[in-house]
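2 protein chains.
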Amino acid sequence: MKVNVMADILKANDLLAKDIEKLLRDKRIVSWNLMGSPGSGKTAVLEKAIPMLPEGMRVAVIEGDLATSNDAERIAKTGVQSAQINTNGACHLDAAMVRSALEMIDLDGISILFIENVGNLVCPAGFSLGETGRIIVSSVTEGHDKPEKYPSMFSTADLVLVNKMDLVSSTDFRMDYFMKGIKRIKPKADVIPVSARDGSGFEELISWIADHIPGSP
Amino acid sequence: MKVNVMADILKANDLLAKDIEKLLRDKRIVSWNLMGSPGSGKTAVLEKAIPMLPEGMRVAVIEGDLATSNDAERIAKTGVQSAQINTNGACHLDAAMVRSALEMIDLDGISILFIENVGNLVCPAGFSLGETGRIIVSSVTEGHDKPEKYPSMFSTADLVLVNKMDLVSSTDFRMDYFMKGIKRIKPKADVIPVSARDGSGFEELISWIADHIPGSP
Numbered sequence: 069m070k071v072n073v074m075a076d077i078l079k080a081n082d083l084l085a086k087d088i089e090k091l092l093r094d095k096r097i098v099s100w101n102l103m104g105s106p107g108s109g110k111t112a113v114l115e116k117a118i119p120m121l122p123e124g125m126r127v128a129v130i131e132g133d134l135a136t137s138n139d140a141e142r143i144a145k146t147g148v149q150s151a152q153i154n155t156n157g158a159c160h161l162d163a164a165m166v167r168s169a170l171e172m173i174d175l176d177g178i179s180i181l182f183i184e185n186v187g188n189l190v191c192p193a194g195f196s197l198g199e200t201g202r203i204i205v206s207s208v209t210e211g212h213d214k215p216e217k218y219p220s221m222f223s224t225a226d227l228v229l230v231n232k233m234d235l236v237s238s239t240d241f242r243m244d245y246f247m248k249g250i251k252r253i254k255p256k257a258d259v260i261p262v263s264a265r266d267g268s269g270f271e272e273l274i275s276w277i278a279d280h281i282p283g284s285p
Numbered sequence: 069m070k071v072n073v074m075a076d077i078l079k080a081n082d083l084l085a086k087d088i089e090k091l092l093r094d095k096r097i098v099s100w101n102l103m104g105s106p107g108s109g110k111t112a113v114l115e116k117a118i119p120m121l122p123e124g125m126r127v128a129v130i131e132g133d134l135a136t137s138n139d140a141e142r143i144a145k146t147g148v149q150s151a152q153i154n155t156n157g158a159c160h161l162d163a164a165m166v167r168s169a170l171e172m173i174d175l176d177g178i179s180i181l182f183i184e185n186v187g188n189l190v191c192p193a194g195f196s197l198g199e200t201g202r203i204i205v206s207s208v209t210e211g212h213d214k215p216e217k218y219p220s221m222f223s224t225a226d227l228v229l230v231n232k233m234d235l236v237s238s239t240d241f242r243m244d245y246f247m248k249g250i251k252r253i254k255p256k257a258d259v260i261p262v263s264a265r266d267g268s269g270f271e272e273l274i275s276w277i278a279d280h281i282p283g284s285p
C-alpha cells in the first residue's frame, strides 16, 4: 500500500514536472535545481553570483523553505525577481509548488531560473522540478565524507560547488577524499571549489553557467 | 489517501516506539535522539563527550546513515558498543530500525544510549524512537537563522548544542539572533555552545548529561 501511494505521488509529480520543463524550454529558460544541506550557502552563492552574470543574462529565483521569507528577501536585494515557497514542514519542493511559484514571476526575457530547494541532503533528490539540471552546494565545514554518505543526492548532480573554501584551513576537510567520493558516485559531475564569502572560484562558476546557456559557443 | 497512509505509518511507529521506551525504562537506560544537519558535528560531539563521562556511566551508540559504516567505526574507537543502521536512502530513523539495532547491543550495565539520527534537519523530527529526549547539534557555520527556518525540528529539542564555536569569529553567526529563534520556537530548550574541536563547552555538556540520569542529585 505504502509503496503504491508513493509511486502515485511520484508519477503525478513527474507529469507536472514535464509541463514545467516544456514551459521553460518554450521560453528558452535554463533552470537549475539548487540543493544542499541547511546552511551550506545556497542563498549566499546566488547573492554572490547574480551580480557577476553578464548583463544580457537575466535571472529569476524561486526560494524554497519550510518557513520564513528570509531567502527571497535576500535575493530581492540583488535586484532580480524572487518568489518564496513555504512548504509548511514538507522536506522538499515538488513540481506543483514550483508551478505555483512560476505564476508569481514574469518570465519574459528571463534566461536563467534558479530554484533553491529546501535545505536537505536527502529528500529533494527524488523529486523532479522540470529543471534543466542540478547544482549541489556542499561546504567544507560539513566534512569530506558527504558524497559517500548521501549518494542518492550526489548521484543526481551536474555541478558540485565546494563552498566555504575560505574556512578550509581551519577544518580537517580533505579535497582528495571528497573527490574520490564524487568520482565513485557521479564521475561526470563538474566540481568547483568556491567561497561565497571572498568570491574565490566565482569566475569559474560564472563561466560554467554561461557555458550551459543553449547556443553558447 | 496519502494522509491516511501517513497516519498509519506514524501510528505503527508510535506503537513500536512505546515498546522501546518500556524496554529502556526497565533497564534504567536514558536515551538521547541526536539530530542535526549533515556535517553539523553529531559524531564528533559523541567522540569528544564519551571519554569525558564518569566511569560509572556506561554508554552505547546507535548510528543512523543512508550509507557507509563510517560513524559506527569512529564511535567504536572510543571503546563503547556501537551499531550502525543503514537506511538505504530513507531520510530518518524509525522505531523499527532502532529495535533491530538494539538486538545487536548488550544493554546490561548501560546507562546512556545515544541514537544518532540521519543528518537531516526536517524528517527525523516526526518519528519517535522511544527516546527519553532530543539533542540537536547545530553548528555556527550553518548560520544563526536555523531555528526559525526549521521550526519543526527545533520545537522538539530538550538541548541544543551550538557546535564549531572555534570557527565563530570567521563567520557572520550572531548568538543573539540564534537565541531569539530558540526563545520563540522552544523557550524551554537548554542551549550550550561547544566546540568538538577544542573541547570548549564540554564540561557543561557532561554536567547536563549527568543531571539527566534518573536519580542524579
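These protein sequence lines map, in sequence, to chains A and B.
Convert by adding 68 to the 1-based position in the first sequence; the result is the number in our numbering.
Convert by adding 68 to the 1-based position in the second sequence; the result is the number in our numbering.
Using N, Cα and C, we set each Cβ at its ideal position, and we do this for glycine too.
Just so you know, these numbers come straight off a predicted model, no measurement behind them.
Nearest-angstrom Cβ-Cβ length linking residue i and residue j, presumed shorter than 8 Å
i	j	result
residue 217(A)	residue 133(B)	6 Å
residue 175(A)	residue 95(A)	5 Å
residue 149(A)	residue 118(A)	So it is not a contact: roughly 11 Å between Cβ atoms.
residue 267(B)	residue 110(B)	That belief does not hold up - the Cβ atoms of residue 267(B) and residue 110(B) are roughly 16 Å apart, past 8 Å.
Among the options, nearest to residue i - alpha-carbon criterion
i	options	result
residue 171(A)	129(A), 231(A), 268(A)	129(A)
residue 264(A)	222(A), 226(A), 206(A)	206(A)
residue 279(A)	198(A), 204(A), 258(A), 116(A)	258(A)
residue 210(B)	75(B), 114(B), 108(B)	108(B)
residue 222(A)	208(A), 190(A), 239(A), 200(A)	190(A)
residue 112(A)	125(A), 224(A), 140(A)	140(A)
residue 220(B)	106(B), 208(B), 254(B), 243(B)	254(B)
residue 246(A)	88(A), 235(A), 234(A), 229(A)	229(A)
residue 241(B)	208(B), 224(B), 104(B)	208(B)
residue 273(A)	204(A), 252(A), 251(A)	204(A)
residue 100(B)	177(B), 75(B), 224(B)	224(B)
residue 92(B)	177(B), 276(B), 232(B), 136(B)	177(B)
residue 136(A)	147(A), 275(A), 157(A)	157(A)
residue 104(B)	147(B), 271(B), 231(B), 127(B)	231(B)
Residue i vs residue j beta-carbon contact at 7 Å
i	j	result
residue 182(A)	residue 121(A)	no
residue 249(A)	residue 215(A)	yes
residue 80(B)	residue 198(B)	no
residue 153(B)	residue 169(B)	yes
residue 138(B)	residue 213(A)	yes
residue 237(A)	residue 235(B)	no
residue 167(A)	residue 88(A)	yes
Own chain residues within Cβ distance below 7 Å of residue i, not counting five before or after
i	result
residue 256(A)	none
residue 145(A)	none
residue 160(A)	185, 186, 188, 191, 192, 195
residue 69(A)	Since pLDDT at residue 69(A) reaches only 44, below the 50 mark, its modelled position is unreliable, and no value is offered.
residue 251(B)	none
Cutoff 6 Å; reference residue i; Cβ partners in own chain excluding five residues on either side
i	result
residue 269(A)	260, 261, 262
residue 226(B)	201, 202
residue 123(A)	none
residue 151(B)	130, 169, 172, 173
residue 277(A)	none
residue 127(B)	118, 148, 180
Proximal residues to residue i (C-beta, below 8 Å), its chain only, five neighbours per side dropped
i	result
residue 82(A)	163, 196
residue 281(B)	98, 125, 179, 180
residue 106(A)	187, 188
residue 155(A)	132, 133, 134, 161, 165, 186
Can you list, in chain order, the stretches of the beta strand (DSSP E) that have 3 or more residues and sit fully within the segment 210–249 of chain B? 227–231
Kindly provide the ranges of any beta strand (DSSP E) runs that are 3 or more residues long and lie completely inside the segment 96–161 of chain B, ordered along the chain. 98–104, 127–133, 149–154
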